[in-house]
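Reviewing the structure listed below.
So this is what it looks like as structure tokens:
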């Protein structure tokens, strides 16, 4: 677990100043599935997320983290949103309701 925390701290330093959102590592305390920990990543909007995902700073900062984590963990799931409605400020109320 210490290596995972260290890799997360290294990622935080690598993307400091360029990453627009926030992220955190949490221990999973209840519920189904095989995960023991999860990363939660938040953005102000879907547009912000998409711009970050397509950016050079993302590739430079996150790629080393991905490679290190692949050595340390077995990824179980990847989900952007699960059982949650997302309101994006670029959406109209009608878009959100539909």
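Numbering (my numbering), first residue to last: 9 to 106. Note that CB positions come from ideal geometry on N, CA and C, so glycine has one too.
Less than 9 Å divides the Cβ of residue 84 from the Cβ of residue 43. Under the 8 Å Cβ criterion, the stretch 28-38 does not count as touching the stretch 64-81, having fewer than three qualifying pairs.
Looking at the DSSP output, residue 30 sits in a beta bridge with 50. Taking the C-beta atoms as reference points, residue 54 is found no nearer than 9 Å to residue 12.
Of the candidates 100, 22, 28 and 82, 28 places its Cα closest to the Cα of residue 57. Secondary structure of residue 35 (DSSP, three-state): strand. Counting of Cβ neighbours within 10 angstroms places residue 47 among the exposed residues, the total staying below 16. DSSP places residue 11 in the uninterrupted alpha helix (DSSP H) bounded by 10-23.
CA-CA distance, residue 41 to residue 100, rounds to 35 Å.
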